[in-house]
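These notes are about the structure you will find just below.
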Amino acid sequence: MEWVKTAMLLMGCIHGIYGVAIMVDCPSFDRTAATLDKHWCKNDSTVTYTVARQNCEDICSVLAVPTLHTEISFHELINGIQRWIGIENNGSAWSGMDSGYNRWPGGVEPASNGQCQAATFTFRHGSPVTFSAHSCEDTFPYQCQQATAPCGASPNIAQATKVYSRCSSSCCFVGGQVNYTCQAGYQLTGFEGSITCNSDGNYSVDASVGTCVVLSCSNYTLNSNDHVTGNDTSGSYVYGTVIEFTCEDGYELVGGGGATTKLVRCSASGAGVDWDSTVPTCQAFSCSNYTLNSNNHVTGNDTSGSYVYGTVIEFTCEDGYELVGGGGATTKLVRCSASGARVDWDATVPTCQVPQPASTAVSNYPRNVFTCAIIILSNMLVYKQF
Numbered sequence: 002m003e004w005v006k007t008a009m010l011l012m013g014c015i016h017g018i019y020g021v022a023i024m025v026d027c028p029s030f031d032r033t034a035a036t037l038d039k040h041w042c043k044n045d046s047t048v049t050y051t052v053a054r055q056n057c058e059d060i061c062s063v064l065a066v067p068t069l070h071t072e073i074s075f076h077e078l079i080n081g082i083q084r085w086i087g088i089e090n091n092g093s094a095w096s097g098m099d100s101g102y103n104r105w106p107g108g109v110e111p112a113s114n115g116q117c118q119a120a121t122f123t124f125r126h127g128s129p130v131t132f133s134a135h136s137c138e139d140t141f142p143y144q145c146q147q148a149t150a151p152c153g154a155s156p157n158i159a160q161a162t163k164v165y166s167r168c169s170s171s172c173c174f175v176g177g178q179v180n181y182t183c184q185a186g187y188q189l190t191g192f193e194g195s196i197t198c199n200s201d202g203n204y205s206v207d208a209s210v211g212t213c214v215v216l217s218c219s220n221y222t223l224n225s226n227d228h229v230t231g232n233d234t235s236g237s238y239v240y241g242t243v244i245e246f247t248c249e250d251g252y253e254l255v256g257g258g259g260a261t262t263k264l265v266r267c268s269a270s271g272a273g274v275d276w277d278s279t280v281p282t283c284q285a286f287s288c289s290n291y292t293l294n295s296n297n298h299v300t301g302n303d304t305s306g307s308y309v310y311g312t313v314i315e316f317t318c319e320d321g322y323e324l325v326g327g328g329g330a331t332t333k334l335v336r337c338s339a340s341g342a343r344v345d346w347d348a349t350v351p352t353c354q355v356p357q358p359a360s361t362a363v364s365n366y367p368r369n370v371f372t373c374a375i376i377i378l379s380n381m382l383v384y385k386q387f
């Protein structure tokens, strides 16, 4: 039988209640009686066995083995059932399990929905064992014992976070693991993302070869019929890229709530990246319906009532009428064009009028009074004007 006098550990219950521990002040802890260089004490904090062990390993220490108080541990015994085993100082002598048992075995703790019960145990003949009937509410302090971790600090990878299991930022115990996870928008390359501390003091994989590579969204497609323009056509849209889409002149953003632009971002999507919205669509503005007064005798070649941006109306005069101000032309073209942020007709609807009759020529000379005389010379008549 062997008893190691160092520190107290945590308690547990049979048939599934997981172990708990409370970190308390340790005024009675005798450092001279143990090989402890570091210890961990804190008031009013209850933790499980796994957390207690990790707290120690975070400072490159291990849970100390028990002394002077009850040792509580889980052991897989008959038929694989987890049992609660205890040893205690009965006032005159120590009794308990054989020192060959592995205290603080690893593995998964029992489920938390069990009951504290009495149990019958079978040990080797002659092995003195005392069972302590502590309740599930009992707690015991624990302390950490300095240990030498074979593996040093694990490498850091830019844009990656590390999750430790039996490791810390400065050391790692045999079998401990460090799992690397890249930040959103990045993907790990170079190794699978997990390294294990081996007994030779080396990690199973050199994590320094790993890299978190930024991911890119696919190229967006603009259909010329959509009349959309983007401010970035580089074709390389890495995580975080923002494209500002606008509509061509004469078109408005569909579903934009009156906005003239739409921002689309390359964002994290599951384990990868994708655009956080679709490329917008644009639709043509329409000019107002033009009005033809029957008295104007004008006809247009489009009376659909839908005059979208770019529509051209050809106006002509009815028979017997001519275009006013047309410079002799018989038609006038009016286009639905961009006007500021919207559209409007680029000219007014023309008017027609009855052609004016040709004007009579008028002499510029003053009106005079003439006197005529008839002179008869032989057989000739001579007219003379005065």
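Numbering of the sequence shown is given in my numbering, commencing with residue 2 and proceeding in unit increments. Even glycine gets a Cβ: it sits at the ideal position worked out from N, Cα and C. Keep in mind that this is a model prediction, so the values were computed, not measured.
Using a C-beta cutoff of 8 Å, does residue i count as contacting chain C?
i	result
His228	Looking at the structure shown, chain C is missing, and only one protein chain is on hand.
Would DSSP call residue i helix, strand or coil?
i	result
Asp59	helix
Asn180	strand
Asp277	coil
Val355	coil
Val66	In this prediction, Val66 has a pLDDT of 46, which is less than 50 and means its spatial position is unreliable; what the coordinates show is noted afterwards. If DSSP states are grouped into helix, strand and coil, Val66 belongs with coil.
Ser200	coil
Ser307	coil
Met24	The predicted model places Met24 with a pLDDT of 32, which falls under 50 and marks its position as unreliable; any figure quoted below should be read in that light. Three-state DSSP puts Met24 in a strand.
Ser225	helix
Ser209	helix
Gln116	Here Gln116 scores only 32 on pLDDT, less than 50, and its place in the model is too uncertain to base an answer on.
Gly153	coil
Ser100	For Ser100, the pLDDT reaches just 34, beneath the cut-off of 50, and the residue's location in the model is therefore unreliable, although a value from the coordinates is still provided. Here Ser100 sits in coil by DSSP.
Thr131	Residue placement at Thr131 is flagged as unreliable, the pLDDT there being 44, under the threshold of 50; the coordinate-derived value follows with that caveat. Looking at Thr131 - three-state DSSP - the assignment turns out to be coil, as it is neither helix nor strand.
Ser171	coil
Gly329	coil
Ser219	coil
Thr262	strand
Tyr238	strand
Please check the pair residue i and residue j, which I expect to be a contact at CB under 8 Å, by giving their CB distance rounded to whole angstroms.
i	j	result
Glu245	Leu223	About 13 Å; that fails the 8 Å criterion.
Cys218	Cys183	No, Cys218 and Cys183 are not in contact; Cβ-Cβ is about 17 Å, not under 8 Å.
Thr292	Phe316	So it is not a contact: roughly 12 Å between Cβ atoms.
Cys198	Val239	With a Cβ gap of about 35 Å, Cys198 and Val239 do not count as contacting.
Ala150	Cys61	5 Å
Ala159	Leu189	That pair is no contact at about 11 Å.
Anyone know if the C-beta pair for residue i and residue j falls short of 8 Å?
i	j	result
Ala285	Ala185	no
Cys283	Val344	no
Thr247	Asp233	no
Val325	Cys353	yes
Cys172	Asn203	no
Gly191	Val210	yes
Val280	Tyr322	no
Gly301	Cys337	no
Val179	Cys168	yes
Tyr181	Ala208	yes
Asn220	Gly231	no
Ala339	Asp250	yes
Ser166	Gly177	yes
Val299	Val350	yes
Asn290	Gly271	no
Going by the DSSP bridge assignment, what does residue i pair with across the sheet?
i	result
Arg336	Val313
Ser166	Gln178
Tyr252	Ala285
Ser268	Asp275
Ile158	Ile158 pairs with nothing; no bridge assigned.
Thr230	Thr247
Asp345	Ser338
Thr300	Thr317
Ser195	Asn180
Ala190	First, the amino acid is wrong: residue 190 is Thr here, not Ala. Answer by DSSP bridge pairing, in chain order: Thr212.
Leu293	Partner(s): none; Leu293 has no beta bridge.
At least three beta-carbon pairs within less than 8 Å, the stretch 252-262 to the stretch 271-280: no
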